[in-house]
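What follows is a short report on a single structure.
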Amino acid sequence: MTGPLVRLDVKGRWLGEMAGAIALVDLPVGRWSTMMAKPVRGPVEAAFAAGAKAVVVISNGPTGKIIALNTDGRKPMFSSPVALLAPKQADAFRAGAIEGASATLHLEGEGGRRPAFNFGGRLDRGKGRWLAISTPRSGWFTCAGERGPGITAWLWLARWAVQAVSDHDLAFICNLGHEYEYLGAAEAKAKIAPPVAQTRF
0 MTGPLVRLDV KGRWLGEMAG AIALVDLPVG RWSTMMAKPV RGPVEAAFAA GAKAVVVISN
60 GPTGKIIALN TDGRKPMFSS PVALLAPKQA DAFRAGAIEG ASATLHLEGE GGRRPAFNFG
120 GRLDRGKGRW LAISTPRSGW FTCAGERGPG ITAWLWLARW AVQAVSDHDL AFICNLGHEY
180 EYLGAAEAKA KIAPPVAQTR F
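Numbering follows numbering that gives the first Met the number 0, in which position 35 of the sequence shown is assigned residue number 34; successive positions increment by one, without gaps.
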């Protein structure tokens, strides 16, 4: 899709005509993590409400690289395309918005839903007091450096707790959907995890 670039600030303000535009949302520098946050979602919604064809979000953060933002895993958040752009690659787009240049957004990825599952194990000793330990097993991009050690520690704790925590029932849960606003954890809470009243920090 092609349209003029129009830049918005975090409050959803812009100059020029938004109808038919490709909106450029230039977030302030932050440790952004989710599209659900009002400073991110607000200007995107404002752009679409004013007739933008698509929105490109510059996720300014500490590294200058793209920050993937968590999103709603149950339904699409927006009716039109939203793309993310690394700050290191954004200067030409910022300049284009100042000049009123046109841009073309190519959508090459495949959307859709894919099967996914949580897994876990429970040792119900009839104690009525649960120790629940969970860890995510999915995430954005190359998160194996984060997820791998977490799962390793989770497995070690499972082996250790069988003997060391004999006065509790045990639940070990490994969740998908961490990047979809903790969707896997919500499903696990409903289907796998012990009752909250029987656990404590």
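Where a beta carbon is used, it is the ideal one built from N, C-alpha and C, also for glycine.
Short Cβ contact (8 Å threshold) for residue i with residue j
i	j	result
F116	V55	no
P3	G149	no
G60	V24	no
A53	P80	yes
I172	A192	yes
I66	A89	no
K41	G72	Reading the sequence as shown, one finds Gly at residue 41 and not Lys. No, the Cβ-Cβ distance between G41 and G72 is not below 8 Å.
Residue of the options minimising C-alpha distance to residue i
i	options	result
V43	A192, G138, W13	W13
V9	P38, T1, M34	P38
N174	D168, L182, H167	L182
CB-CB length for residue i against residue j, believed under 8 Å
i	j	result
A46	M76	Rounded, the Cβ-Cβ distance is 13 Å, inconsistent with contact.
A157	G120	7 Å
W139	A170	Wrong, their Cβ atoms sit about 27 Å apart, outside the cutoff.
L104	A82	6 Å
R6	A96	4 Å
P135	H177	4 Å
A51	I21	7 Å
Residue i classed as buried or exposed, judged by whether at least 16 other C-beta atoms fall within 10 angstroms
i	result
G63	exposed
P194	exposed
M34	buried
S101	exposed
S133	buried
Note to self: Threshold first: 4 residues or longer. Then list the alpha helix (DSSP H) segments lying entirely within the region 90 to 114, N to C.
What the structure shows: 90 to 98
Notebook entry, point to check: Which ranges would you report for the beta strand (DSSP E) in the region 24 to 71 if only whole runs of at least 3 residues count?
Noted result: For the region 24 to 71, the full-length beta strand (DSSP E) segments reaching 3 residues or more read 53 to 57 along the chain.
Checklist line | Uninterrupted alpha helix (DSSP H) stretches inside the region 155 to 191 (no shorter than 4 residues) | finding: 182 to 190
Next item on the list: Return the chain-ordered ranges of every alpha helix (DSSP H) run that is complete within the region 116 to 143 and spans a minimum of 4 residues.
Entry: Counting only runs of 4 or more, we get nothing.
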